[in-house]
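Below you'll find the structure, written out as structure tokens, and then a few comments.
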């Protein structure tokens, strides 16, 4: 079944991708950045919740496995774009993350199309996500050392990309390639 609770939560996160910049740049709204941050945190919580519900209640779907990470990537990119427009971070951060996400999406699409493999998140990817949530929190609230946390988050996401690439190459490409 397509529309179950986990998939509905994923759809809600796609909606939140548009709500975040609206709130972030609504200067007439008191505490607009706090409200935007609340949407960001809500998106993170729904990500955890939809995965937990799907796994523990046998509600995993191919659509959810594909769209859930896409919603996460779009939210992260939207937040970074807003921070860059607001001159909190440099645009190069967006370029690095967008490039990494593009590689991940293309690699996942290739594996799905050619091998019917859905790339699953793992410890390294989840750790990078947690570090980005910490970095965004520090940046939005102008906490000390926010830039250092962002650098660690960027480094961790690049390491996660390398790990995903090596792991999926070994599991799905090298192992299943025809012998010559």
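In my numbering, the protein residues as written are 69 to 248. A virtual CB, placed ideally from N, CA and C, is assigned to each residue, including glycine.
| Item | Value |
| --- | --- |
| Under 8 Å, with one C-beta from each stretch per pair, do the region 126-137 and the region 225-240 reach the 3-pair mark? | no |
| How is the alpha helix (DSSP H) around residue 155 delimited, first residue to last? | No alpha helix (DSSP H) holds residue 155; DSSP gives it neither H nor E. |
| Which word fits residue 107, buried or exposed, when buried means at least 16 other C-beta atoms lie within 10 angstroms of its C-beta? | buried |
| Between 181, 179, 74 and 135, which has its C-alpha nearest residue 121's C-alpha? | 74 |
| Please give me, in chain order, every unbroken run of the alpha helix (DSSP H) with length at least 4 that falls completely inside the region 90-173. | 100-124 and 130-153 |
| Looking at C-alpha atoms only, which residue of 225, 176 and 172 is the closest neighbour of residue 193? | 225 |
| Taking residue 150 as the reference, give the member of 77, 202 and 105 with the closest Cα. | 105 |
| Output the boundary residues of the alpha helix (DSSP H) element that contains residue 236. | 214-236 |
| Nearest-angstrom Cα distance between residue 182 and residue 189? | 19 Å |
| Quick check on DSSP: helix, strand or coil for residue 71? | coil |
| Alpha carbon to alpha carbon, what distance is there between residue 134 and residue 163? | 23 Å |
| How many angstroms separate the CA atom of residue 146 from the CA atom of residue 88? | 8 Å |
| Less than 8 Å between the beta carbons of residue 185 and residue 240, yes or no? | yes |
| Please list, in chain order, all residues of the same chain as residue 176 whose beta carbon is under 6 Å from its beta carbon, the five residues on each side excluded. | 187 |
| Cβ atoms of residue 117 and residue 103: under 8 Å apart, would you say? | no |
| According to DSSP, is residue 199 part of a helix, a strand, or is it coil? | helix |
| Please classify residue 185: does DSSP put it in a helix, a strand, or coil? | coil |
| By DSSP, does residue 79 sit in helix, in strand, or in coil? | helix |
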